[in-house]
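Heads up: the structure comes next, in structure tokens.
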Amino acid sequence: MKKLLVVIIAMFAAVSSFAQTLPPLYRYDLKTEEGCEEADAIALQVADYLFETPFITDDENRLRAASFLNRWMDGTPTYTFMIDEDVTANFDGDPELTDMYMAALTRFQLRNPDVKDEAKISVEAMKQVLNYANKDENIVLLTKRLEKLIAANQQGRLEKVL
Numbered sequence: 001m002k003k004l005l006v007v008i009i010a011m012f013a014a015v016s017s018f019a020q021t022l023p024p025l026y027r028y029d030l031k032t033e034e035g036c037e038e039a040d041a042i043a044l045q046v047a048d049y050l051f052e053t054p055f056i057t058d059d060e061n062r063l064r065a066a067s068f069l070n071r072w073m074d075g076t077p078t079y080t081f082m083i084d085e086d087v088t089a090n091f092d093g094d095p096e097l098t099d100m101y102m103a104a105l106t107r108f109q110l111r112n113p114d115v116k117d118e119a120k121i122s123v124e125a126m127k128q129v130l131n132y133a134n135k136d137e138n139i140v141l142l143t144k145r146l147e148k149l150i151a152a153n154q155q156g157r158l159e160k161v162l
């Protein structure tokens, strides 16, 4: 019984540590469409990495992941991303929160390829950012605007507030 418990704990630890591992980004040349197409395979993993790690703005891996994702989004011929400036205005010029929104757009579009409604994509991405920001362990400094948006999201009226 003890062995089984040790094996189960080891499996959870392995899965947990794997989930927070950034894939080798250096293997992808994002200066070409072909390189961006190859990077399509890891874009979701990079976006997930940003959501699985705390919001530490000077963390090198987070910075690399966000930079990689932004360059990939700009260069991939496979996907088209529309940035809703009304949504990003809620971040008060915070580039790291904007990066989280980009990661959320990536996650939503790659997981929901049939959704084409840009307004729905923007709102669903914003919900991901707000849920992330609302977790204490992610260490996001909440502005009054973010607090208002989080409250609206929890009450199911985010679309009306945006």
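The numbers in the sequence shown follow UniProt numbering, run straight up by one, and end at 162. Just so you know, even glycine gets a beta-carbon here, dropped at the ideal spot from N, CA and C.
### Query
Within the chosen definition, does the segment 99-116 reach the segment 35-54 through at least 3 CB pairs nearer than 8 Å?
In this structure the segment 99-116 touches the segment 35-54; the number of beta carbon pairs closer than 8 Å is three or more.
- Who are the Cβ neighbours of Q128 in its own chain at under 6 Å, not counting the five residues just before and after it? Stepping through the sequence shown from its first residue, residue 128 is reached at position 128. Taking C-beta separations shorter than 6 Å and ignoring five residues to either side along the sequence, the partners of Q128 in its chain run A104, following chain order.
Other residues of its chain near D29: CB distance less than 7 Å, five sequence neighbours each side excluded:
For the purposes of this step, residue 29 is identified with residue 29 of the sequence shown, where counting begins at 1. Result list for D29: G35, in chain order.
Q) So what's L162 in DSSP terms, helix, strand or just coil? A) Against the sequence shown, residue 162 aligns to sequence position 162. Here L162 sits in coil by DSSP.
E118 and M73 closer than 8 Å at C-beta: Counted from its first residue, the sequence shown places residue 118 at position 118. Counted from its first residue, the sequence shown places residue 73 at position 73. Contact: no.
- Mind checking whether L101 and V123 have CB atoms under 8 Å apart? Taking the sequence shown and counting its residues from 1, the one referred to as residue 101 is at position 101. Taking the sequence shown and counting its residues from 1, the one referred to as residue 123 is at position 123. The sequence shown places Tyr at residue 101, rather than the Leu named in the question. The Cβ-Cβ distance between Y101 and V123 does not fall below 8 Å.
| request: For D59, count neighbouring C-beta atoms within 10 Å of its own C-beta (all shown protein chains included) and say buried if the count is 16 or more, exposed if not. | output: By 1-based counting over the sequence shown, the position of residue 59 is 59. Exposed is the call here.
Q: Starting from the Cα of N138, find the closest Cα among T106, A66, E159, T53 and give me that residue.
A: Along the sequence shown, read from residue 1 onward, the residue named residue 138 stands at position 138. Of T106, A66, E159, T53, the residue nearest in Cα terms is T53.
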